[in-house]
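Trainee: Dropping a structure here in structure tokens format, bear with me for questions.
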Amino acid sequence: MIRRAYCDIASGQIHYRYAGDASKTPLILLHQSPSSSIMYETLMRELGNDYWLLAPDTPGFGQSDPLAEPVSIAAYADAIQQFCTALRIEQALLFGHHTGASVAVQLAYDNPELSLAMALSGPTLLSDALKAALPGKAKPFPLTEDGSHLLGMWQRMRDKEPDAPLALSLRETLLGLEVGDAYPEAYRAVIDQPFGDQLKALECPVLVFAGTGDPLYGMLDEAAQLLKHGEKQEIDGARTYACDLHAKTIGDMLKDFFRRNAGKA
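In our numbering, the protein residues as written are 19 to 283.
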């Protein structure tokens, strides 16, 4: 069963989903923008027998309070570290997808003792072209009397994965509308993060992977080459919503990688 709860940190409350046995190794799941921990529910059902799963909503997303300081990946990571401290988690496995990958790397970079091993889906090593394009992909839609802002967000989410179930696009559309400026702020934070430098510095084992249809797939080889202790995989045809639509494949991949690598850092 997946349960939900809140955890107090300095800037307010972190909302999170959790499942599994708390006596097992913690696995922290960090979501993409503008989603929330709800994107991990299907994957959590695949992993719940193997780990203590914790999927926090990033500050400003889902049901978590926003940061009390300017948005940065370092500030997000600090909030997740406070979350871990509050739950008495001293070591954990980390998994992040897109923005969540940025936060996972920052978290391990700032707190190397925390990460036993890490997996990154769509690691955010951005080309210059992606850095130039990314702000426009999260640009807010001003509220309009005729509701055209609703259609704008809907079309943006459908463009991410046109073949996704309509219910999935609706979920992400509503989340995108709810978070307001947190969406573009998160993207700017991803652009500003020295992701490659941090990735090179990690001592823990790291798995990087992406779907062949993921917008970040083109940088996957370069990301893998930066790792001291790395592995690379790919998922044929997977795109932005890989964690929802390819949960069994990703679950098996994570279990295999973590079984072989947890504790080697």
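Heads up, the beta-carbon is just placed ideally off N, CA and C, and yes, glycines get one too.
Give me, in chain order, the residues of the same chain whose beta-carbon lies closer than 8 Å to that of L217; leave out the 5 immediate sequence neighbours on both sides.
Mentor: V123, P141, L143, V224, A241, L244, L245
Trainee: Where H264 and G38 are concerned, what is the direct C-alpha to C-alpha distance, given to the nearest angstrom?
Mentor: When rounded, the distance between both Cα atoms is 20 Å.
Trainee: From S53 to D215, what distance separates their C-alpha atoms?
Mentor: 26 Å
Trainee: Is L225 helix, strand or coil by DSSP?
Mentor: Correct three-state label for L225: strand.
Trainee: Where G78 and V197 are concerned, what is the direct C-alpha to C-alpha distance, given to the nearest angstrom?
Mentor: Computed Cα separation, rounded: 7 Å.
Trainee: What separation, rounded to the nearest whole angstrom, lies between the Cα atoms of A207 and V89?
Mentor: V89 has its alpha-carbon roughly 7 Å from the corresponding atom of A207.
Trainee: Any idea what DSSP makes of M136, helix, strand or coil?
Mentor: strand
Trainee: Taking the alpha carbon of Y36 as the point to measure from, which residue in C25, E64, G30, W70 has its own alpha carbon closest?
Mentor: W70
Trainee: So the candidates are L85, R63, E252, Q31; which of them puts its Cα closest to the Cα of A204?
Mentor: L85
Trainee: Please return the same chain residues whose Cβ sits closer than 8 Å to the Cβ of S55, not counting the five positions on each side in sequence.
Mentor: H33, Y34, R35, L47, H49, A73, P74, D75, G80
Trainee: Locate the beta strand (DSSP E) running through A280, then write down its first and last residues.
Mentor: Unbroken run through A280: none, as it is neither H nor E.
Trainee: Spatial neighbours of A23 within its chain, please: CB distance less than 8 Å, with the 5 preceding and 5 following residues excluded, ordered by chain position.
Mentor: Closer than 8 Å at the Cβ level, and outside the excluded window around A23, lie H33, Y34, Y36.
Trainee: Looking only at its own chain, which residues have a Cβ that is under 6 Å from the Cβ of A182, when we skip the five neighbours before and after it?
Mentor: Excluding five sequence positions before and after A182, the CB atoms of its chain that fall closer than 6 Å to its own CB belong to Y259, given in chain order.
Trainee: Where are the alpha helix (DSSP H) runs, 4 residues long or more, that stay fully inside the stretch 252-280, in chain order?
Mentor: 260-263, 265-279
Trainee: Using a Cβ distance threshold of 8 Å, determine whether the stretch 149-167 contacts the stretch 119-136, with at least three qualifying pairs required.
Mentor: no
Trainee: Going by DSSP, name the residue or residues bridged to G170.
Mentor: According to DSSP, G170 bridges with nothing at all.
Trainee: Spatial neighbours of L272 within its chain, please: CB distance less than 6 Å, with the 5 preceding and 5 following residues excluded, ordered by chain position.
Mentor: A137
Trainee: Taking the straight line between their C-alpha atoms, what separation do you get for V267 and K157?
Mentor: Correcting the residue type first, residue 267 is Thr in the shown sequence and not Val. C-alpha separation (whole angstroms): 32 Å.
Trainee: Mind checking who R189 pairs with in its DSSP beta bridge?
Mentor: Answer by DSSP bridge pairing: none, since R189 is not bridged.
Trainee: In the DSSP assignment, the alpha helix (DSSP H) including Y201 goes from what residue to what residue?
Mentor: 200-210
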